[in-house]
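Residue numbers (our numbering), protein chains in the order written: chain A, 130 to 450; chain B, 4 to 329.
These notes are about the structure you will find just below.
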């Protein structure tokens with residue numbers, strides 16, 4: 130069995146809202162008791178609707194936000210116990226690609242500085258050697274050395290995302306968190322970026338955590354998938370296991386409500402009632418029970434734990450297993 | 004033959020900017036029939052929203068309709084006097100938008116906003132307007148409509164806000180609903196609820212809907228007919244079944260092939276090379292030719308027109324011109 134690259138144990142992030150003088154202190158459970166394991170070379174998909182905690186998960190794994198509780202093991206080392214200097218040195222091994230390159234790239238920096246910044250921070254490359262390295266990175270992502278001295282506003286969304294990818298890969302990271310990397314792009318450009326990410330992964334042996342709300346994209350790129358709901362992981366499995374043998378009622382509803390571009394594929398749709406409850410006051414017991422058609426009395430009182438239903442397929446549901 | 008409710012012919016819209024004239028719509032033609040959902044699909048900047056806004060006479064300056072006509076029940080609404088256009092807009096033709104939170108006024112209650120529309124259009128009294136508002140909220144599947152009337156938009160979820168928008172659009176008996184990306188800002192489980200509601204309104208009220216979207220999945224599941232827009236020009240239109248079964252235009256084919264599909268796992272996606280042309284400098288000939296794998300000389304010189312290739316299925320592409328000419 131291969132050693133895991135990244136492991137989260139009981140990873141929890143609570144945000145405390147301090148209201149006014151007379152309002153009660155409230156706690157948002159953005160991420161609650163999440164366990165997951167990512168192996169080298171795989172693409173681990175994370176899906177869920179807005180507010181389910183998928184972005185918080187990505188950020189906690191890289192310690193971009195400080196988790197409230199839990200452990201993040203990167204090659205066996207707990208990132209949360211590292212001092213600042215050691216953490217800074219480790220950061221070259223894990224990178225993040227954000228959803229909106231218009232926001233993630235500083236409009237006042239040219240491409241050379243944008244892509245070269247991590248190299249200046251972590252290596253001795255300067256001057257011509259730096260420019261050459263950046264040019265090589267640009268070529269690798271489908272741009273060219275002609276773009277070195279241009280600014281973000283001169284590029285399209287797809288080109289900007291390529292620049293952001295070059296920046297993320299500048300230091301040869303091992304692990305990249307891709308947070309909705311194609312959600313701001315049109316489908317024809319999305320296809321170009323997804324293909325590029327796949328090529329780079331094969332060439333550089335990268336490990337991806339791929340966060341998305343788009344199930345067809347996650348299905349296309351992932352080896353394994355975690356489904357999140359209200360700050361918790363409700364199901365983990367291989368892509369086949371999730372899409373063809375979903376056990377959690379939420380996963381089933383999510384898959385069935387995703388529109389498929391084929392009018393012949395009329396399916397029996399499960400349309401969920403209501404919407405996702407506020408993470409300020411999550412329901413007791415299983416947080417999905419108020420919307421669940423198969424809820425048992427037990428679901429309203431006791432929180433289900435993730436259990437293995439066979440071959441590493443994990444489900445947090447009282448009905449399963 | 005049924006009469007179209009809305010008939011758009013050769014609509015051209017230009018935006019006069021400092022950088023030059025942006026050609027947003029370059030001859031858009033389509034019909035919307037009573038009781039159907041017509042999907043208007045295309046990528047960012049193809050002119051979908053401008054088309055929708057044009058139907059309500061709401062093209063923002065510096066945009067201008069420079070040619071073509073929009074007929075509603077046979078009458079060209081582009082030449083209507085402003086007062087008559089105001090009566091039509093929000094009355095018989097209504098619109099909902101992508102972001103309901105931005106479209107609703109945050110400082111008025113839901114009830115006040117819906118009542119304003121009916122009182123303005125139907126000259127209703129306060130009491131009657133309130134009863135009518137509750138009624139229309141119920142008809143879009145709102146639980147406890149009387150309570151919702153007194154809530155402010157921020158108290159409602161995105162899906163609920165979109166239901167309020169739909170209720171407001173229907174409150175004066177709209178025949179045509181222009182829905183501009185109505186579910187793009189919503190989660191998939193909520194999107195399914197709203198799409199279900201739109202299909203239901205079509206069936207029960209005979210509402211005609213122009214559904215503007217970038218999502219071919221949404222089109223496949225809700226629309227009766229489709230029109231594909233590229234660079235402000237309709238490149239292909241026809242019944243949903245026929246379009247998905249045999250797409251003719253290379254752009255439509257490319258658009259569908261680019262979507263990840265269970266069968267595409269482990270293989271590269273077929274991306275459409277290049278990017279959408281700049282409205283400031285449109286290519287000569289067919290607008291798609293710089294990205295088209297099949298382009299030849301004729302495509303670079305002559306802009307193709309929509310030609311019928313099957314019953315109700317029209318394509319603007321020289322590849323199929325031979326069939327029609329011969």
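C-beta: ideal position from N, C-alpha, C; glycine also.
Please read all numbers here as calculations on a predicted model, not as lab measurements.
Paired residues, beta bridge with residue i - DSSP
i, result
"residue 311 of chain B", "B:317"
"residue 75 of chain B", "B:9, B:78"
"residue 223 of chain A", "A:304"
"residue 437 of chain A", "A:443"
"residue 139 of chain B", "Note: residue 139 of chain B sits in no beta bridge, so no partner."
"residue 309 of chain A", "Looking at the DSSP assignment, residue 309 of chain A forms no beta bridge with any residue, so it has no partner."
"residue 358 of chain A", "A:361"
"residue 142 of chain A", "A:160"
"residue 336 of chain A", "A:304"
"residue 200 of chain A", "A:138"
"residue 367 of chain A", "A:353"
"residue 242 of chain B", "B:228"
"residue 33 of chain B", "B:11"
"residue 175 of chain A", "A:340, A:355"
Within-9 Å CB hit, residue i to chain A
i, result
"residue 329 of chain B", "Low confidence applies to residue 329 of chain B: its pLDDT is 42, below 50, so where it sits in the model is not reliable, and the reading given next is rough at best. Chain A contact via Cβ: absent."
"residue 163 of chain B", "yes"
"residue 249 of chain B", "no"
"residue 43 of chain B", "no"
"residue 47 of chain B", "yes"
"residue 192 of chain B", "yes"
"residue 308 of chain B", "no"
"residue 199 of chain B", "yes"
"residue 315 of chain B", "no"
"residue 169 of chain B", "no"
"residue 257 of chain B", "yes"
"residue 278 of chain B", "yes"
"residue 262 of chain B", "yes"
is_contact[residue i, chain B] using C-beta, thresh 9 Å
i, result
"residue 320 of chain A", "yes"
"residue 217 of chain A", "no"
"residue 204 of chain A", "no"
"residue 418 of chain A", "no"
"residue 304 of chain A", "no"
"residue 178 of chain A", "yes"
"residue 134 of chain A", "no"
"residue 291 of chain A", "no"
"residue 383 of chain A", "yes"
"residue 175 of chain A", "no"
"residue 159 of chain A", "no"
"residue 287 of chain A", "yes"
Beta-carbon separation (whole angstroms), residue i vs residue j, contact threshold 8 Å
i, j, result
"residue 98 of chain B", "residue 181 of chain B", "4 Å"
"residue 286 of chain A", "residue 313 of chain A", "6 Å"
"residue 53 of chain B", "residue 62 of chain B", "7 Å"
"residue 299 of chain A", "residue 329 of chain A", "Not a contact, Cβ separation roughly 12 Å."
Proximity winner among the options, relative to residue i (alpha-carbon distances)
i, options, result
"residue 167 of chain A", "A:355, A:424, A:434", "A:355"
"residue 252 of chain B", "B:236, B:216, B:35, B:264", "B:236"
"residue 147 of chain B", "B:304, B:167, B:7, B:217", "B:167"
"residue 103 of chain B", "B:150, B:118, B:62, B:157", "B:157"
"residue 191 of chain A", "A:246, A:433, A:328, A:134", "A:134"
"residue 222 of chain A", "A:233, A:195, A:146, A:333", "A:333"
"residue 55 of chain B", "B:70, B:94, B:11, B:20", "B:11"
"residue 406 of chain A", "A:219, A:142, A:158", "A:158"
"residue 274 of chain A", "A:142, A:244, A:206", "A:244"
"residue 308 of chain B", "B:319, B:246, B:299", "B:319"
"residue 188 of chain B", "B:161, B:209, B:211", "B:161"
"residue 114 of chain B", "B:140, B:79, B:220", "B:140"
"residue 314 of chain B", "B:177, B:249, B:129", "B:249"
"residue 227 of chain B", "B:305, B:61, B:316, B:299", "B:316"
"residue 322 of chain A", "A:447, A:230, A:353, A:281", "A:230"
"residue 34 of chain B", "B:67, B:75, B:128", "B:75"
Measuring CB atoms only, is the stretch 196–213 of chain A touching the stretch 137–156 of chain A, in the sense that at least three cross pairs come out at less than 8 Å? Judged by pairs of C-beta atoms under 8 Å, the stretch 196–213 of chain A touches the stretch 137–156 of chain A, as three or more such pairs exist.
Taking 8 Å as the cut-off, does the stretch 77–88 of chain B touch the stretch 170–180 of chain B (at least 3 CB pairs, one atom from each stretch)? Look at the beta carbons and you see the stretch 170–180 of chain B not touching the stretch 77–88 of chain B: under three pairs across the two are nearer than 8 Å.
Does the stretch 335–342 of chain A come into contact with the stretch 254–267 of chain A, if we say contact requires no fewer than three beta-carbon pairs (one atom in each stretch) closer than 8 Å? Judged by Cβ distances under 8 Å, the stretch 335–342 of chain A makes no contact with the stretch 254–267 of chain A, as fewer than three pairs qualify.
Where the stretch 330–343 of chain A meets chain C: residues whose CB sits under 9 Å from a CB there: The displayed structure is made up of protein chains A and B, and chain C is not among them.
At a cut of 8 Å, does the stretch 112–119 of chain B reach the stretch 179–196 of chain B through at least three beta carbon pairs? Because the criterion of three Cβ pairs below 8 Å is not met, the stretch 112–119 of chain B and the stretch 179–196 of chain B do not touch.
Given 8 Å, three or more beta-carbon pairs between the stretch 227–243 of chain B and the stretch 22–32 of chain B: By the criterion of at least three beta-carbon pairs nearer than 8 Å, the stretch 227–243 of chain B is in contact with the stretch 22–32 of chain B.
For the stretch 411–424 of chain A against the stretch 270–282 of chain B, do three or more pairs of beta-carbon atoms, one drawn from each stretch, fall closer than 8 Å, so that the two count as touching? Judged by pairs of C-beta atoms under 8 Å, the stretch 411–424 of chain A does not touch the stretch 270–282 of chain B, as fewer than three such pairs exist.
Touch check for the stretch 126–135 of chain B and the stretch 362–381 of chain A: three-plus C-beta pairs under 8 Å? These segments do not touch.
Determine, using beta-carbon pairs with one atom in the stretch 287–296 of chain A and one in the stretch 237–255 of chain A, whether at least three such pairs fall under 8 Å. Three or more pairs of CB atoms, one per stretch, sit closer than 8 Å, so the stretch 287–296 of chain A contacts the stretch 237–255 of chain A.
Counting Cβ pairs closer than 8 Å, one from the stretch 41–50 of chain B and one from the stretch 216–229 of chain B, do we hit at least three? Short answer: they touch.
Do the stretch 165–182 of chain A and the stretch 355–370 of chain A meet, that is, are 3 or more Cβ pairs less than 8 Å apart? They touch, by the three-pair rule.
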